[in-house]
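Chains as they are written, first to last, in my numbering: chain X, 1 to 273; chain E, 1 to 272.
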């Protein structure tokens, strides 16, 4: 008990000159009870039952077991949708990334002088960012019909909102020296931004672009679920037919692509930074 | 006497990087061609604009009965349920990730074991969350419990990957100092390892909670509880007033979570 008490309320320390210092109370004093209350409230709300998990946990592997052996012959059918997914993600990410530069410029602390403009742009971007990807997909499905084009636009808009935030945080913290020097030589603010700030940030910009690309490949699998083209449609279809060996093949191809892209992007990032 | 260089001459000395630029342009053209070949444009439907207009309008004219409603269908309950699913999923995912991360860190276990661990984590990470959802529905049936388990498993990949980076950055000097002071194993963990890791681990967990909140809306699609399913049903059935109420709830909730998470993580990182 004594140890616990010491952990929560440390003993005062008496310095050599007689001064008494009371160390701060550990934040655990309120963090642990809050977490415990939230934990028990959440378990009752979500119907969490450890018993069910232990008794029926093996059912989790039902699908996994049925996946073996994967249907390798199915690869010829997986190949094209996977390429469509890749192209859709690449084009979507690149488009979103391109538009995010001006949007990030308009919402950065040190580029925009008018606080009102910055506030408006930032608010719009924050609200856009909270819209789930699925809602975007359903919205664009209504505009462009089912297919890879919808997926591309949805991923583009989604990337645009996220990258804008990541990029303006970078602009906020970059070195203003070159920008001021160029501006003092008579260049406009936009031109000074392009020649003074962007060269500092290209590396990090590509890095967040790759991060978003990786994320989009994984999201693309979800997109197909609602009919937005690529490998997701195939996955949804095969899952619906309970053709698990074929599902296994789709997942293998997806895994391999994700792994290759992650390795490639790790390599590029290492070279850049 | 040094030679004078004008600004213009200096500008001309700038490295041209012609090869890199050509490569970039070729790459962009290539992507463009691939895009034209593989992505077919089905034409634009005017109706889409109506949908967009209605969704935007619905945010300002929500179904207030639903927005402020109590009971199982009210927005407040759905948001609380979503938060509970995300919270519990994150906690379980974090607890499971800690041993996995320690067993895959190069400075704790031998190299081959770390390689196996990292491969295992990669496999977990590449499965789409929807597939986990379908697997867990067989265990627990549709509902919030499935959402919790799905998010927990889907979180393991990212959390343990980030944990490994933190563990591999552990400062061995502190452990050596504790050794020199004659500490035993438990004391070394208590005073040398836990304080170094706690802040980063908490920060990672909070960040993942933020992601899980957004994921929780996707899981509605496979029947895993939360606000996702009602929202999608409302949009696909063109019930705009309901859509508005659910979107308002979701937007405010996500903004609060983002703000709180940024604040806490900043405090953990810098102590301010």
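The beta carbon of each residue, even a glycine, is placed where N, CA and C say it ideally should be.
| Query | Result |
| --- | --- |
| So, are the CB atoms of residue 233 (chain X) and residue 250 (chain X) less than 8 Å apart? | no |
| Am I right that residue 284 (chain X) and residue 147 (chain X) are in contact with their C-beta atoms under 8 Å? What's the rounded C-beta distance? | What is shown of chain X runs 1 to 273, which leaves residue 284 (chain X) out entirely. |
| By alpha-carbon positions, which one of E:78, E:237, E:263 and E:248 ends up nearest to residue 56 (chain E)? | E:248 |
| Taking the CB atoms as reference points, tell me whether residue 196 (chain E) and residue 170 (chain E) lie closer together than 8 Å. | yes |
| Who are the neighbours of residue 65 (chain X) on chain E, taking C-beta pairs under 7 Å? | Under the 7 Å cutoff, chain E gives no residues; its nearest Cβ is about 11 Å from residue 65 (chain X). |
| Please report the distance separating the alpha-carbon of residue 253 (chain E) from that of residue 95 (chain E). | 25 Å |
| Does DSSP put residue 182 (chain X) in a helix, in a strand, or in coil? | helix |
| My assumption, with CB atoms under 8 Å, is that residue 133 (chain E) sits in contact with residue 219 (chain E). Please give the rounded CB distance. | 6 Å |
| Relative to the alpha-carbon of residue 122 (chain E), which residue among X:271, X:260 and X:272 has its alpha-carbon at the smallest distance? | X:260 |
| Below 8 Å on the Cβ atoms is my guess for residue 195 (chain X) versus residue 182 (chain X); work out the distance and round it to an integer in Å. | 6 Å |
| Chain X partners of residue 81 (chain E), CB-CB under 8 Å? | 45 and 46 |
| Identify each residue in the region 77 to 110 of chain X for which the Cβ-Cβ distance to at least one residue of chain E is less than 9 Å, and report them in chain order. | 80, 83, 84, 86, 87, 88, 90, 91 and 94 |
| Check whether chain X comes within 8 Å of residue 38 (chain E), counting only Cβ atoms and requiring the distance to be less than that. | yes |
| Report the start-end ranges of each alpha helix (DSSP H) in the region 84 to 131 of chain X that is 4 residues or longer and not cut off at the edges. | 115 to 130 |
| How about residue 273 (chain E) and residue 160 (chain E): do their beta carbons lie closer than 8 Å? | There is simply no residue 273 (chain E) to check, as chain E begins at 1 and stops at 272 in what is shown. |
| Is there a Cβ from chain E that is less than 8 Å from the Cβ of residue 267 (chain X)? | no |
| Indicate the three-state DSSP secondary structure (helix, strand or coil) for residue 96 (chain E) in the structure shown. | helix |
| Note the first and the last residue of the continuous alpha helix (DSSP H) segment covering residue 59 (chain X). | First-last for residue 59 (chain X): undefined, no H or E at that position. |
| Assign residue 87 (chain X) to one of two classes, buried (16 or more other C-beta atoms within 10 Å of its C-beta) or exposed (fewer than that). | buried |
| By the three-class DSSP mapping on this structure, what secondary structure does residue 20 (chain X) have? | strand |
| On the three-state DSSP scale, how would you describe residue 14 (chain X)? | strand |
| Just mark residue 78 (chain E) as buried or exposed, buried being the case when its beta carbon has 16 or more other beta carbons within 10 Å. | buried |
| Using a cut-off of 8 Å between C-beta atoms, extract the partners of residue 191 (chain E) located in chain X. | Result: empty, since nearest Cβ-Cβ is about 12 Å, beyond 8 Å. |
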